[in-house]
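Report on the following structure.
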Amino acid sequence: MRSVIWIINKYDAGKFPEDVEKDGLKAVNLSSNENPYPPSNEVKEAYLKALSSINRYPHPEYKDLKKAIAEYLDVDESMVTVGNGAGDILNNICVAILDAFDKVAIPIPSYTLYAILAMLRDASIEYVEFRNYKIKADEIPPFKLLFLCSPNNPTGNVVERKEIEKLLERGNYVVVDEAYVEYCNKSIVDLVNKFDNLIVVRSFSKFFGLAGLRVGYAIANEKIVEALEKIRLPFCISRVANDVAVAALNSIDYYVKLRDEIVKERERLARELNKILFLKAYPSDANFVLVKVVKKMDLAKRLLEEGIIVRDVTGLMGLEGEHVRITVGTKEENDFLIRTLKQVV
Ligand SMILES: Cc1ncc(COP(=O)(O)O)c(C=O)c1O
Numbered sequence: 002m003r004s005v006i007w008i009i010n011k012y013d014a015g016k017f018p019e020d021v022e023k024d025g026l027k028a029v030n031l032s033s034n035e036n037p038y039p040p041s042n043e044v045k046e047a048y049l050k051a052l053s054s055i056n057r058y059p060h061p062e063y064k065d066l067k068k069a070i071a072e073y074l075d076v077d078e079s080m081v082t083v084g085n086g087a088g089d090i091l092n093n094i095c096v097a098i099l100d101a102f103d104k105v106a107i108p109i110p111s112y113t114l115y116a117i118l119a120m121l122r123d124a125s126i127e128y129v130e131f132r133n134y135k136i137k138a139d140e141i142p143p144f145k146l147l148f149l150c151s152p153n154n155p156t157g158n159v160v161e162r163k164e165i166e167k168l169l170e171r172g173n174y175v176v177v178d179e180a181y182v183e184y185c186n187k188s189i190v191d192l193v194n195k196f197d198n199l200i201v202v203r204s205f206s207k208f209f210g211l212a213g214l215r216v217g218y219a220i221a222n223e224k225i226v227e228a229l230e231k232i233r234l235p236f237c238i239s240r241v242a243n244d245v246a247v248a249a250l251n252s253i254d255y256y257v258k259l260r261d262e263i264v265k266e267r268e269r270l271a272r273e274l275n276k277i278l279f280l281k282a283y284p285s286d287a288n289f290v291l292v293k294v295v296k297k298m299d300l301a302k303r304l305l306e307e308g309i310i311v312r313d314v315t316g317l318m319g320l321e322g323e324h325v326r327i328t329v330g331t332k333e334e335n336d337f338l339i340r341t342l343k344q345v346v
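In our numbering, the protein residues as written are 2 to 346.
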């Protein structure tokens, strides 16, 4: 076994309802930044229709899915590659680009998977701490590969376009992870036409509510796409997931309505959280809110006792003091959270 295996920490996906529900009581899951609403009717129909052909492999090129993504983002089809979730794409990027000791820059606090995947390639990681993830291009050290997350998980803010452009002008690979970008529409995906070192990573898990199906994609210049297409496993997206993702893109209006509701609830949730003594909610452009717990109280554990799962991000590199990350749920879930917080805190 390679020694790095025993050095890295396993990715921590937080607590899941199945692990904490007992005595028939349902947990409210506000931990994984999922979409709390059911799929569109088109998606349900596509799912059932695809079921009768699961004895067949999906088409290995996923042409219809790539075409639908290209239309959605107004890019050329040759600039689209797909994978088994954004996580899979991030891994493929590391496999394509990184040799041992290559320099990888990771601003923190951010999504923890970047470091795990870079370490698995024996890369040399440079963490750069940014207060509230306000990225300044001049403060990023030299790199072969840079991971930026916009909006950032867990701080919720976007990286300024002009800072990204400055970093791209250096000519090295820049990944911009836009898993949550539909919650703010501040994408920089158009920059792929200008910079051939940019890779924009996207997910169907959040805005399109397909976390359980596992579909992600990346937009980049043809050369990078060719490399990533070589690396991804054949048939890495199931036939059902492929058809459902296309149906989700075809029912975009439904998801835009859900997004508008989530954004409205996010603003209300942040306002209510800020009214509670000892809690400070950061402004967010995503479907979650980062909350600083000013007086240490093990809040995530106390909420769990009340049947609410939030992500305890205390101790995350680049975050000082107790913090929780709360996914914006349905109005009822958010009301329950606020009521419970008022009692617990
Ligand atoms: C910033 C970020 N990127 C990527 C992912 C992975 O998304 P997927 O479910 O598409 O693998 C997540 C999941 O939480 C995330 O927060």
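Beta carbons are placed, not taken as given, at the ideal position from N, Cα and C, and that holds for glycine.
Between the alpha carbons of residue 3 and residue 329, how many angstroms are there, rounded?
A direct Cα-to-Cα measurement between residue 3 and residue 329 gives close to 40 angstroms.
Could you tell me the distance, in whole angstroms, from the CA atom of residue 342 to the CA atom of residue 277?
In a straight line, the C-alpha of residue 342 is about 8 angstroms away from that of residue 277.
Taking the alpha-carbon positions, what's the residue 193 to residue 131 distance?
Using only the alpha carbons, I get a separation of about 26 angstroms.
As assigned by DSSP and simplified to three states, the class of residue 243
Helix at residue 243.
Contact set, ligand 1 heavy atom to C-beta under 6 angstroms
Going along the chain, the residues that qualify are 34, 86, 87, 88, 112, 150, 154, 178, 180, 204, 206, 212 and 217.
From which residue to which residue does the alpha helix (DSSP H) around residue 90 run?
Its alpha helix (DSSP H) spans residues 87 to 98.
Using only the alpha-carbon positions, how far apart do residue 300 and residue 325 sit?
Between residue 300 and residue 325, the C-alpha separation is close to 8 angstroms.
Between which two residues does the alpha helix (DSSP H) holding residue 347 run?
The question about residue 347 has no answer here: the residues shown for the chain are numbered 2 through 346.
Beta-carbon proximity list for residue 138, same chain, < 7 angstroms, skipping 5 on both sides:
If the five residues before and after residue 138 are omitted, its C-beta is found closer than 7 angstroms to the C-beta atoms of 164, 167 and 168, all from its own chain and listed in chain order.
In whole angstroms, what is the alpha-carbon distance linking residue 228 and residue 318?
Within the model, the alpha-carbon separation for residue 228 versus residue 318 is close to 31 angstroms.
Which of the three DSSP states is assigned to residue 75 in this structure?
The three-state reading of DSSP puts residue 75 in coil, since its state is none of H, G, I, E or B.
For residue 147, does the count of other Cβ atoms within 10 angstroms reach 16, so buried, or fall short, so exposed?
Looking at its Cβ environment, which holds 16 or more other Cβ atoms inside 10 Å, residue 147 is buried.
Can you tell which of 244, 23 and 327 has its C-alpha closest to the C-alpha of residue 50?
Here the closest residue by C-alpha is 244.
Neighbourhood of residue 155 by C-beta, 6 angstroms cutoff - its chain only, sequence neighbours within 5 removed:
Closer than 6 angstroms at Cβ, skipping near neighbours: 291, 314 and 326.
Closest residue to residue 109 among 157, 103, 64 and 87 (Cα-Cα distance)
The closest CA to that of residue 109, considering only 157, 103, 64 and 87, is found on 157.
Assuming residue 162 is part of the alpha helix (DSSP H), what are its boundary residues?
Run containing residue 162: 162 to 169, per the alpha helix (DSSP H) assignment.
Considering only residues of the same chain and omitting the five flanking positions on each side of residue 303, which have a CB-CB separation below 8 angstroms?
Its chain contains 345 as the residues whose beta carbon lies nearer than 8 angstroms to that of residue 303, once the 5 sequence neighbours on both sides are disregarded; these appear in chain order.
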